[in-house]
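Positions 1 to 338 (full-length UniProt numbering) are the ones given, in order, by the sequence shown. Heads up, the beta-carbon is just placed ideally off N, CA and C, and yes, glycines get one too.
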Amino acid sequence: MEVVLYSIPQYRAFAESFCFEISEIRPNDRCYLTDVHCDTPAIGNCEVLLTLGRLTGQDLSAYRYLTFIQTLSAGYEQIDCEAASAAGIWVSYAPSEQTGNADAVAEFVIMNILTLSRNLLGALSAVTNAPFDPLPVARGLGGKKVCVVGFGGVGRALLERLRPFGCDTVVVTRNPKKAGLDFAPHPLEDLPEVLRTADIVVLCLRADNQNRHLFDGALFRTMKAGALFINVARGSLVDEMALQTAIETGHLRAAALDVLENEPVNSANPLVSLERTLITPHCAGFTDTMLRGTIAYVDAVLSTFQNGERPASLLNEPQMPRRPLAQPHLETGFIGTL
Numbered sequence: 001m002e003v004v005l006y007s008i009p010q011y012r013a014f015a016e017s018f019c020f021e022i023s024e025i026r027p028n029d030r031c032y033l034t035d036v037h038c039d040t041p042a043i044g045n046c047e048v049l050l051t052l053g054r055l056t057g058q059d060l061s062a063y064r065y066l067t068f069i070q071t072l073s074a075g076y077e078q079i080d081c082e083a084a085s086a087a088g089i090w091v092s093y094a095p096s097e098q099t100g101n102a103d104a105v106a107e108f109v110i111m112n113i114l115t116l117s118r119n120l121l122g123a124l125s126a127v128t129n130a131p132f133d134p135l136p137v138a139r140g141l142g143g144k145k146v147c148v149v150g151f152g153g154v155g156r157a158l159l160e161r162l163r164p165f166g167c168d169t170v171v172v173t174r175n176p177k178k179a180g181l182d183f184a185p186h187p188l189e190d191l192p193e194v195l196r197t198a199d200i201v202v203l204c205l206r207a208d209n210q211n212r213h214l215f216d217g218a219l220f221r222t223m224k225a226g227a228l229f230i231n232v233a234r235g236s237l238v239d240e241m242a243l244q245t246a247i248e249t250g251h252l253r254a255a256a257l258d259v260l261e262n263e264p265v266n267s268a269n270p271l272v273s274l275e276r277t278l279i280t281p282h283c284a285g286f287t288d289t290m291l292r293g294t295i296a297y298v299d300a301v302l303s304t305f306q307n308g309e310r311p312a313s314l315l316n317e318p319q320m321p322r323r324p325l326a327q328p329h330l331e332t333g334f335i336g337t338l
């Protein structure tokens with residue numbers, strides 16, 4: 001098959017490694033790497049598109065022979081699935097718990113929690129700017145209440161990593177009955193009440209059209225004074241001006257954001273220059289472990305598709321697919337919106 005990996009500049013190193021490795025294990029396919037949707041000869045014959053970037057209906061019009069799109073991320077809100085379905089193109093995503101992405105992001109969250117709780121950045125700054133003012137008392141994690149908002153692959157992996165620190169964990173999820181926990185999780189409707197007593201709030205909820213700016217000014221004001229806020233989900237879930245106000249007024253102690261509403265990160269964004277805000281360029285999931293896991297997952301998906309069968313991770317159901325697939329078993333079918 002003719003395969004194109006569409007990347008964006010900040011993920012170029014990851015994409016290059018991925019393209020090389022997938023070519024090694026799939027020698028009968030031809031894999032090309034591009035940062036754009038046009039002016040690339042490979043696009044003319046592309047059958048499969050692997051993507052780390054946004055895909056609009058206009059973008060898809062450049063791919064005349066495209067039959068299958070595979071995201072390299074667990075998130076898929078950046079893909080116009082309706083346009084893909086209308087064009088007869090299948091779309092599949094990469095579940096975080098099956099690629100190593102969930103573990104990588106959970107590790108990143110632990111790093112952020114420790115960095116903010118122990119005032120690591122302030123301590124490093126004190127060394128380079130001596131003599132310095134007295135350092136504030138750092139916070140330990142034992143007994144701290146951590147609210148995990150969203151309980152997909154990342155939320156589950158994070159909960160496992162928080163337990164050894166002796167944290168009091170609480171989960172808020174859209175589907176409490178499906179959480180499978182040994183304690184009762186809260187429905188999303190309980191979020192304001194739960195936030196009142198949480199010392200640390202970690203947002204790892206899947207973004208959709210209904211939860212844009214879920215964390216707005218009113219919700220930030222309900223949070224416990226001095227709490228830490230961490231977002232590794234999507235920037236669209238947070239009203240950035242409201243977060244800025246919460247930090248500048250001192251209501252929140254600090255925030256760590258791996259995602260912003262507009263990416264890539266613009267240095268003019270006021271959050272970037274805030275002293276108690278840690279901004280990273282949407283890199284939480286990109287580790288060697290995640291690279292290997294994603295390669296293995298995508299290889300299996302492409303083999304399934306090539307055999308005319310349906311991958312379990314399909315997101316759509318084109319009425320007139322360019323490449324028909326076997327009908328699904330009654331107990332499976334496509335995933336749709338989670």
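Taking a C-beta distance under 9 angstroms as the contact criterion, Tyr76 and Leu315 qualify as a contact pair. Of Ile22, Gln10, Arg12, the smallest CA-CA separation from Thr294 is found for Ile22. A buried status is given to Gln70, since no fewer than 16 other beta-carbon atoms sit within 10 Å of its beta-carbon.
Val201 has Cys147, Phe229 as its beta-bridge partners, per DSSP. Take Cys19, set aside five residues on each side of it, and the residues of its chain with a beta-carbon closer than 8 angstroms to its own are Leu5, Cys31, Tyr32, Leu33, in chain order. Residue pairing by DSSP places Leu195 opposite no residue, since no beta bridge is assigned to it.
Rounded to whole angstroms, Phe286 and Gly100 show a C-alpha spacing of 9 angstroms. By the CB criterion at 9 angstroms, Ala198 and Met223 fall inside the cutoff. Contact between the region 197-213 and the region 145-154 is present: 3 or more CB-CB pairs across the two stretches fall below 8 angstroms.
Annotation: the continuous alpha helix (DSSP H) that includes Ser303 extends over 288-306.
Contact between Leu237 and Ala256 fails: their C-beta atoms lie close to 14 angstroms from each other, not under 8 angstroms. Pairing Ser73 with Leu55 gives a Cβ-Cβ distance that is not under 9 angstroms.
Distance between Asp35 and Ala94, taken at the CA atoms: about 20 angstroms.
Put simply, the backbone Cα of Pro324 is about 14 angstroms away from that of Ala86. The Cβ-Cβ distance between Ala138 and Arg161 does not fall below 9 angstroms. Within the same chain, Cβ atoms closer than 6 angstroms to the Cβ of Ala246 are found at Phe220, Leu252, the five residues on either side in sequence being excluded. Remark: C-beta atoms of Ala157 and Asp80 do not approach each other more closely than 9 angstroms. Nearest Cα to Ala106 within the set Val298, Met290, Asp299: Met290.
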